[in-house]
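So the structure is just underneath, and the comments pick up after that.
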Amino acid sequence: MSGYDEMEKRWQAEWSRMKLDNAERDAGKQKFTIIFAYPGVTGFLHVGHLRGYTYADAIGRYKRMTGHNVLFPVGTHATGNGAITLASRVSNKDPDFIDYLIRNGCPEEKLEDLKDPMKVVDYFNTVYVNDYWKRFGFLADWRRFTCTVYPDYEKFIQWQFRKLNEQGLLIQKPYYSPACPVHGPVAVDASETDISKGGNAEVQEYTLLKFKRGNEYLVAATLRPETVYGQVCFWVNPDVEYVRIKNGSETWIVSKEAAEKLQLQIDGITVLSAIPGKEMIGWMCEAPMIHKEVPVLPASFSDPNVGSGLVTSVPSDAPDDWISLEALKKDPAFAMRYGLSESLVGSIVPVSIISIEGYGEFPAKDVIDSMGITQPGDPRLDEAKKQVYKDGYHMGRMKDVCGPFSGMRVEEAKDKMKQAMLDAGEAGIFYDLTEEVVCRCGMPVRVKRVDDQWFIDYGNDDLTERTSEHCRGMEIYPPEFYENVHSTLNWFRERACVRQGNWLGTKFPLDEKWTIEAISDSTLYPLYYIISLYANDGRISPENMTEEFFDHVALGKGDVTEVSKNTGVPENILNDIRGDVEYWYPLDINLGGKEHMTVHFPVYLFNHRAILPDWMQPKGILVNWYITGKKNKISKSKGGAQPIPGAVEQFGVDALRLYYAHIASMFVDVEWNEDSVMMYRQRLDRIMGTVGELLSSDQSDEKKDIDEWLISRFNGYSASIKAAMDRYDLRQAATAVYFEMLNDIKWYGRRGGNSKAAVREALRIWIPLMAPVTPHIAEEMWSLAGFGGLVSSSQLPAAGPVSGSAEYREEFIREVMSDISQIRKVTSADPKKIFLYTSPSWKTNVMRMGLEMMDSGTLDIPSLTKRCMMDEELRKNGKAVTEFVKKAVTDLSRATGSKRDATETDEYSLLVSAKGFLEEELGAKVEVFSSDSGSIYDPQNKSRAAVPGRPAIYLE
RNA sequence: GCAGGGGUAGCCAAGCACGGAAAAGGCGCAGGACUUAGGAUCCUGUUCUUAGUGAUACAAGGGUUCAAAUCCCUUCCCCUGCACCA
1 MSGYDEMEKR WQAEWSRMKL DNAERDAGKQ KFTIIFAYPG VTGFLHVGHL RGYTYADAIG
61 RYKRMTGHNV LFPVGTHATG NGAITLASRV SNKDPDFIDY LIRNGCPEEK LEDLKDPMKV
121 VDYFNTVYVN DYWKRFGFLA DWRRFTCTVY PDYEKFIQWQ FRKLNEQGLL IQKPYYSPAC
181 PVHGPVAVDA SETDISKGGN AEVQEYTLLK FKRGNEYLVA ATLRPETVYG QVCFWVNPDV
241 EYVRIKNGSE TWIVSKEAAE KLQLQIDGIT VLSAIPGKEM IGWMCEAPMI HKEVPVLPAS
301 FSDPNVGSGL VTSVPSDAPD DWISLEALKK DPAFAMRYGL SESLVGSIVP VSIISIEGYG
361 EFPAKDVIDS MGITQPGDPR LDEAKKQVYK DGYHMGRMKD VCGPFSGMRV EEAKDKMKQA
421 MLDAGEAGIF YDLTEEVVCR CGMPVRVKRV DDQWFIDYGN DDLTERTSEH CRGMEIYPPE
481 FYENVHSTLN WFRERACVRQ GNWLGTKFPL DEKWTIEAIS DSTLYPLYYI ISLYANDGRI
541 SPENMTEEFF DHVALGKGDV TEVSKNTGVP ENILNDIRGD VEYWYPLDIN LGGKEHMTVH
601 FPVYLFNHRA ILPDWMQPKG ILVNWYITGK KNKISKSKGG AQPIPGAVEQ FGVDALRLYY
661 AHIASMFVDV EWNEDSVMMY RQRLDRIMGT VGELLSSDQS DEKKDIDEWL ISRFNGYSAS
721 IKAAMDRYDL RQAATAVYFE MLNDIKWYGR RGGNSKAAVR EALRIWIPLM APVTPHIAEE
781 MWSLAGFGGL VSSSQLPAAG PVSGSAEYRE EFIREVMSDI SQIRKVTSAD PKKIFLYTSP
841 SWKTNVMRMG LEMMDSGTLD IPSLTKRCMM DEELRKNGKA VTEFVKKAVT DLSRATGSKR
901 DATETDEYSL LVSAKGFLEE ELGAKVEVFS SDSGSIYDPQ NKSRAAVPGR PAIYLE
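What the first sequence shows, in our numbering, is residues 1 to 956, in sequence order.
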């Protein structure tokens, strides 16, 4: 129990009472609009998610305190089948899931409700807003909250798609998508939201090779159509039952499983009859492209679930083929069992077709040999296959035996040969998943052809170009993303934007049998936060939100009176909305997790560019990396991380916020670690304790040097922190605020600083700087200091002047102390007396001359020496001067600033004034001498080592 | 496959974009102070060397430069994201 609960809630209530969270248009103030990419409603969030959100709030708060009118709206994304899945798990009384809900604080009586997907959405919306964002002290404009499945939001999305259509950016074409027979298209991805198995599967394109035998075809599926010139035989699994199928006018033979898959991809396929694999062994069939008769041989590796279940054999470049052929040759008895004569098997010789640097005639053999694989079925064959494939693809060249493709690079030949066979009717295309995928409902997921799939045409050159161009003028962090966002935009092709099946989401306006897919309905939405305000309080309703309405408020089209008449929205409301849009748009910052670099951000940019005018184009993007779990990622679905309410209770909100802000740069992943958060908790305790002491201790009105130092330092921080915050570098800012400034305050006290005025001035600088990241404690201390008002609504004071000399003088003292303790350490002595000798003034003079020459660019050892020797006084000291000049010149060429200060500081009186302090700190008597003065106590002649900025030291 | 990031002290992590003083800050560790029993706090130290102002480091190896963790090249090793998943 942190005990901060009460304080946090008190200030949150106060901010709310003062309406700090509401964003209202104010023409006299510069606006700043920021959002974070809203989360999907898929369950409880964990501490990792708050990282990005916290950045957004801290930035918003900082902007508020630097003269901006800030709009920071939030929402959620419920499109998809997440809520449906959750609801069905509740309906099915899935014990794990029920337990998960209860454990995360869902009241038991709520469960009945959650059988309804929309209630699930509502429930989690409440949790996100109240338990996470409000609890974290965010100053978001809650009135604008929206969710992608709200009827008004859907109107907006439909409008957006009409606009895309007007631009000619919606296109239709066939598409191959993983689909469940019951639920339609499903997402196959590592998070396994839609599916229960096979998250790593990918859709792969196979080339179907047709091997003619009489009037039917044995159909093999291959990933390597470029190897057809190396075909020497054909593999059939003798233990598998295959089927004849009718495809148009042709009869094909494939595995039963493949037939089922093909039916989803090719119309009119019917199964004719079964045929055991055994029966086919020994057949001869004509290989495509090369038109040679090849024998059908038995192979156990031929899997009915993969591809067509039949495999063409290219031993030269396929390790499986090579090893299986070898095995067959070595075991004539086995071959005989299938009626294969030894001479037939023996006559099959691999054909070398691809030359790859570093490989011999038969790449497959080379890999097998180097990996030490000796028989079929070795699990490493998979790896061997990948190796040969990869090297062949990138470095390979087709050999002379490859007809018209001879000499081509494999990369190029692959497509050309595939196309040639397709054109000749010798091949087909088939899509399959790389591993078994099972839907949440238990049905197998297969690749299905969808004929009239709609796409958004992100491949459009003009759009890509204009979007890319706009990005050059944006503020995009990290810089790497600024650089490579262009290649991401270029890489984008058509993207399927609608889907069918049991999904929550907006109906596609051009054809309502489709539902708009989850990424596509979340591209232009920041704009909707401006309008949602009016929808949420009932000033407008979904029925009002026609195309004309959005054209007017978003694009400024049409005449208000006319639009008002047609939409039923009063003119003044239309004017207000339009005015808000003109004021708040575009977005200054869109903040999202690193995955969005290739997902949301590109489409966000594209859609803005496609639909909205120049002045509404986005200004900034900020990407945050993740908080990860130990070893593996913490994830929403799999859990493993601390629930947010528990963490809040344990550490307090501000400690968590500071943890996010400071633990690492935004652009690296961080492993979640409770001890680290605790450390930040303690640091905040220390700061509050220190400030409390400062406020309660007796202070004087007396002015001291150290006061000037403190204020100078704080002014310096104030400026550098603002600079850091302007770059959104919260970490650097936090280092200064929570570490360096505290250290300085401590040093100030140690040096005897206790001026009431200086302390108050320092706190007026310091506390507001804490407000963006740790607003609750900042507010608490602000009020404790009696500064009046809320620090959260105050403005950061302008940074005052920095005194270089005050800071140098203090640095000088610290270095003297450091040198003394250094000497003490090496001598392990415990001196009773410490003698300090400041530099003789002739050295200071030499240094000054050096600085002058440096300024005029004429500094070097001989010139400075010469100049010194012209001086009567210096010449007396000839040898020492030459030596010092050497040193001074090297020093000066490294760092000039501190040397300049050194020549301008009266070190003797500075040390004398610090004498008391030094004696106390060092626990010894301190004597200060100037090397210039005639009679000094210096038994070891240490004083000759003294230089400006570095007094000599003698311990005794 | 496509695209991108990184290797700095025992650990985390700044700095590298605009090359110029062992390299911020934190953690950990060691000593001390304090005074308590707190997941305290405060000092000091933490590459080596040395009565200090010296030497040497930034994955490895080359190069450019008066000067490189920072720029260029090569090699090795890690990591991340990738479209109907948000």
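Virtual Cβ for every residue (Gly too), placed ideally from N, Cα, C. Keep in mind the model is a prediction, meaning the values are calculated, not measured.
DSSP-derived helix/strand/coil call for residue i
{"i": "residue 619", "result": "coil"}
{"i": "residue 241", "result": "strand"}
{"i": "residue 636", "result": "Unreliable placement is indicated for residue 636, whose pLDDT of 42 sits below 50; the coordinate value is still reported in the next sentence. Three-state result, residue 636: coil."}
{"i": "residue 661", "result": "helix"}
{"i": "residue 454", "result": "strand"}
{"i": "residue 359", "result": "coil"}
{"i": "residue 375", "result": "coil"}
{"i": "residue 590", "result": "strand"}
{"i": "residue 991", "result": "Here the chain comprises residues numbered 1 to 956, so residue 991 is not present and cannot be evaluated."}
{"i": "residue 113", "result": "helix"}
{"i": "residue 913", "result": "helix"}
Assumed close pair residue i, residue j - CB separation to whole angstroms, cut-off 8 Å
{"i": "residue 928", "j": "residue 912", "result": "5 Å"}
{"i": "residue 269", "j": "residue 262", "result": "5 Å"}
{"i": "residue 401", "j": "residue 351", "result": "6 Å"}
{"i": "residue 596", "j": "residue 7", "result": "Not confirmed; about 35 Å, so no contact."}
{"i": "residue 257", "j": "residue 309", "result": "6 Å"}
With 16 other Cβ atoms within 10 Å as the buried cut-off, status of residue i
{"i": "residue 659", "result": "buried"}
{"i": "residue 615", "result": "exposed"}
{"i": "residue 652", "result": "buried"}
{"i": "residue 973", "result": "Nothing in the structure corresponds to residue 973, since the chain is present only between 1 and 956."}
{"i": "residue 561", "result": "exposed"}
{"i": "residue 556", "result": "exposed"}
{"i": "residue 403", "result": "exposed"}
{"i": "residue 420", "result": "buried"}
{"i": "residue 959", "result": "The displayed coordinates of the chain run from 1 to 956. Any statement about residue 959 would go beyond what the structure contains."}
{"i": "residue 957", "result": "An answer regarding residue 957 cannot be provided, because it is not within the stretch 1 to 956 covered by the chain."}
{"i": "residue 288", "result": "buried"}
{"i": "residue 316", "result": "buried"}
{"i": "residue 452", "result": "exposed"}
{"i": "residue 572", "result": "exposed"}
{"i": "residue 32", "result": "buried"}
Residue i to residue j span [Cα, whole Å]
{"i": "residue 349", "j": "residue 338", "result": "20 Å"}
{"i": "residue 145", "j": "residue 534", "result": "11 Å"}
{"i": "residue 55", "j": "residue 71", "result": "15 Å"}
{"i": "residue 829", "j": "residue 677", "result": "41 Å"}
{"i": "residue 353", "j": "residue 362", "result": "8 Å"}
{"i": "residue 234", "j": "residue 275", "result": "16 Å"}
{"i": "residue 412", "j": "residue 207", "result": "16 Å"}
{"i": "residue 510", "j": "residue 470", "result": "30 Å"}
{"i": "residue 698", "j": "residue 932", "result": "42 Å"}
{"i": "residue 636", "j": "residue 174", "result": "With a pLDDT of only 42 at residue 636, under 50, the local geometry of the prediction cannot be trusted, and the value read off the model is given with reservation. Computed Cα separation, rounded: 34 Å."}
{"i": "residue 385", "j": "residue 282", "result": "26 Å"}
{"i": "residue 443", "j": "residue 90", "result": "20 Å"}
{"i": "residue 405", "j": "residue 205", "result": "21 Å"}
{"i": "residue 778", "j": "residue 158", "result": "45 Å"}
{"i": "residue 638", "j": "residue 390", "result": "Because residue 638 carries a pLDDT of 39, less than 50, the predicted location of this residue cannot be relied on, and the following value inherits that uncertainty. Each residue's alpha carbon lies about 34 Å from the other."}
heavy atom of the ligand COA below 7 Å from residue i C-beta
{"i": "residue 822", "result": "Absent from the structure shown: the ligand COA. Ligands present: none."}
Could you check whether the segment 142–162 touches the segment 502–513, counting it as contact only if at least three pairs of C-beta atoms, one from each stretch, sit closer than 8 Å? yes
Per the contact definition of three or more C-beta pairs closer than 8 Å, is the segment 43–50 in contact with the segment 597–608? no
Within the chosen definition, does the segment 689–708 reach the segment 745–752 through at least 3 CB pairs nearer than 8 Å? yes
Is it the case that the segment 899–914 contacts the segment 803–818, given that we only count it when at least three CB pairs across the two stretches are under 8 Å? yes
When the Cβ atoms of the segment 754–763 are set against those of the segment 725–732, are three or more pairs found closer than 8 Å? no
With contact counted as at least three CB pairs below 8 Å, one residue from each stretch, are the segment 918–928 and the segment 879–886 in contact? no
Three or more C-beta pairs below 8 Å linking the segment 544–556 and the segment 181–188: no
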